[in-house]
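Structure record follows, encoded as structure tokens.
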Amino acid sequence: MTLSSGSHPDTSQTATSNLVQVLGLADVNRAITRIAHEIIERNRGLEGIIIVGLQRGGVWLAERLVATINQIEGETSRPIPLGRLDVSLFRDDINLRPVTPVAVTEIPTDLTGSKVVLVDDVLFTGRTVRAALDALNQYGRPSSVQLAVMIDRGHRELPIRPDYVGKNLPTGRDEDVQVQPDGVTLSKRANP
Amino acid sequence: MKHLRSIPELGVDGIVRILGLATHMAEVNRRPVPKVPALNGRTVVSLFFEDSTRTRISFETAAKRLSADTMTFSVSTSSVNKGESLKDTIETVSAMGVTAFVVRHKTSGIPWQLSDWTDASIINAGDGWHQHPTQALLDSFTIMSTLERTPRVDCLSGLTIGIVGDIRHSRVARSDIQAFTALGAKVVLVAPRTLLPPAVEGWPVEVSSSLDDVISELDVLYMLRMQRERMNEALVPNLGEYSARYGLDDRRAKMLSHDALLMHPGPMNRGVEMLIDPASLPNNLIMQQVANGVSVRMAVLFDVLGGSETGAGVVS
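Going down the list, the protein sequences come from chains Y and H.
Heads up: the first sequence begins at 56 in our numbering, then just goes up one per residue.
Heads up: the second sequence begins at 95 in our numbering, then just goes up one per residue.
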């Protein structure tokens, strides 16, 4: 009767061991600040930029990026629009992942002509990003889409690369990456 | 979940799960393009042996918004008229690669019978007087979302819901009673004795034969359709008397508490159970029920066809 059917990698039965701290609170803050500067630099300002966090792990990161960019650019510039995107109904592995009712899509403007920066916590196979590109299409035709992630853990299954990376982290497929505002940890699944 | 055949089979956890998914689907329906690829490649067949417009179109809209392919099996133009048995019909259509059947039939229990004959999922869209589970789910969702409550096992607690009319012959009433009480509501049935089922003593409800006695206590007034064919069975002396005792007229509308909600499963018999224009009441949810029907049926189709390994992609 459950949606996940036990095949989702984050099921509660899989006990974790060997918890390793990869980034601390200060490291996460520095990475957000650096990515914020890179976004401004790469786009030569903030004209047409909209930051879109992927539900659910990318949303807090997108909020932090918007706050940091507004702080850097000061009161003079217009506030950056912030969106939230849920891609669960666009996935190609839909039978393996539960849908979270509270994770909703909110895109404040028509995206046609805008520069979208997609934000997620971890980039892994690339399938979430592929689904996000499909979902974005329903809100207009952006002039460009860029990708910002806190952790790039490798193992890509699709031709997708990030534009902004907090940290490149080589991982095994039997490991889990947890990204929180106060740090990033890596753990090995006991029963992969 | 493989099938949706009845509210008791779904269970309270299942009801809450569908209500949560429906919240998500309602957001999809508010998007500029209310269509997602979630059920791409699945085929849903509507198999309606009884007349229905809104339920069939609601299911087909829901399936299309999830990108499933839909087919309508119309009994009047089918080989059923040439004497083909129900079993042969189901096996033949199943062999074409169908993922789910949405079934309405005048005989209670048909959905269980069908699931013995096909590997496809069965969704009950009304079987005889027995069950109409998606109606109960959309009614629960409508009350829950109107009152801005969240999908939980007690999301209708503290509410008194009056169901008025022909309870005896109503699959909507049976399913609603089970769903509303499972979610914590108190249900009062209001009907003449002849329109109550013989087994009503065993149900977790209160019973009244006077609408005037209870109407002011209700948080939700749920009017059922009074079927004209019941007159032939002499269960009610005449429609005029039924209307006078159980119809919603101006006098009774004034007795309702000011925030009471008005619901009706449709189609309405104006001049029988509904003697006023329901649109004149600010808390009339009838159109909201229809709109929510699409979101709830999307949730059901997704739960049956997209959510589980057994349900997903099964082609017989």
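A virtual CB, placed ideally from N, CA and C, is assigned to each residue, including glycine.
Quantities reported herein were computed from a predicted structural model and do not represent experimental measurements.
Is the CB of Arg125(H) under 8 Å away from at least one CB in chain Y?
yes
Q: Report the residues of the region 115-140 of chain H with a CB closer than 7 Å to any CB of chain Y, ordered along the chain.
A: Leu115, Thr117, His118, Glu121, Val122, Arg125, Pro126, Val127, Val130, Pro131, Ala132
### Message
Could you compute how far the alpha carbon of Val172(Y) sits from the alpha carbon of Gly135(H)?
### Response
31 Å
Close beta carbons around Ser251(H), own chain, < 6 Å, minus the five adjacent residues each side: Gly278
Beta-carbon within less than 7 Å of Ser209(H)'s beta-carbon, same chain only, minus the 5 sequence neighbours each way: which residues are those? His97, Ile216
(message) Tell me the DSSP secondary structure of Lys243(Y) in three-state form.
(response) strand
Go ahead and label His352(H) buried or exposed: buried means 16 or more other beta carbons lie within 10 angstroms of its beta carbon, across all protein chains shown.
exposed
- [ ] Indicate the three-state DSSP secondary structure (helix, strand or coil) for Phe396(H) in the structure shown.
- [x] helix
Determine the direct distance from the alpha carbon of Ser242(Y) to that of Ile106(Y), and round the result to whole angstroms.
30 Å
- Query: Taking C-alpha atoms, which residue in Leu355(H), Ser188(H), Val106(H), Trp223(H) lies nearest to Leu231(H)?
  - Reply: Val106(H)
Q. At least one CB of chain H closer than 8 Å to the CB of Thr160(Y): is that the case?
A. yes
Exercise. Taking Cβ positions, are Ala86(Y) and Val142(Y) nearer each other than 8 Å?
Worked result: no
Give the straight-line distance between the Cα atoms of Arg391(H) and Leu369(H), rounded to the nearest whole angstrom. 30 Å
* Asked: How is Arg139(Y) classed by DSSP in three states: helix, strand or coil?
  -> strand
Looking at chain H, is there any beta carbon in it that lies within less than 8 Å of the beta carbon of Leu173(Y)?
no
CB Leu113(H) to CB Leu395(H), shorter than 8 Å?
-> no
- Label Met190(H) either buried or exposed according to how many other C-beta atoms from any shown protein chain fall within 10 Å of its C-beta, with 16 as the threshold for buried. exposed
### Task
Answer yes or no: do Ile206(Y) and Asp176(Y) have a C-beta to C-beta separation smaller than 8 Å?
yes
Under 9 Å (Cβ pairs) to chain H, residues found in the region 102-132 of chain Y: none
Would DSSP call Met320(H) helix, strand or coil? coil
Using three-state DSSP, classify Thr180(Y) as helix, strand or coil.
coil
Give the DSSP-derived three-state secondary structure of His92(Y) in the structure shown.
helix
Original post:
How about the region 300-311 of chain H and the region 252-270 of chain H: do they share at least three Cβ pairs that are nearer than 8 Å?
Top reply: yes
Reduced DSSP secondary structure (H/G/I, E/B, other) of Glu154(H): helix
Confirm, please, whether the CB-CB distance from Val139(H) to Leu481(H) is below 8 Å. Lying outside 95 to 410, the shown extent of chain H, residue 481(H) is not represented and no answer is given.
I think Ile215(Y) touches Gly181(Y), with their Cβ atoms under 8 Å apart; what is that distance to the nearest whole Å?
4 Å
Exercise. With DSSP collapsed to three states, give me the class of Leu213(Y).
Key: coil
> Taking the alpha-carbon positions, what's the Arg322(H) to Ala347(H) distance?
Replying inline: 23 Å
To the nearest angstrom, report how far apart Glu96(Y) and Gln126(Y) are at their CA atoms.
-> 15 Å
* State the start and end residues of the unbroken beta strand (DSSP E) segment that holds Asn223(Y). => 219-223
Assigned exposure category for Ala219(H) - 16 Cβ within 10 Å defines buried: buried
- Inter-residue spacing [alpha-carbon to alpha-carbon] between Ala328(H) and Pro372(H): 28 Å
* To do: Please confirm if Val408(H) has its CB atom under 8 Å from at least one CB of chain Y.
  => Note on Val408(H): pLDDT 27, under 50, position unreliable in the model; the coordinate value appears next. So no, Val408(H) is outside the interface.
Worksheet item: Helix, strand or coil for Val366(H) per DSSP?
Response: coil
Problem - Rounded separation between Ser199(Y) and Thr149(H) - CA only - result: 42 Å
Item to check | Rounded straight-line distance, which links the Cα of Asp165(Y) to that of Leu191(Y) | outcome: 10 Å
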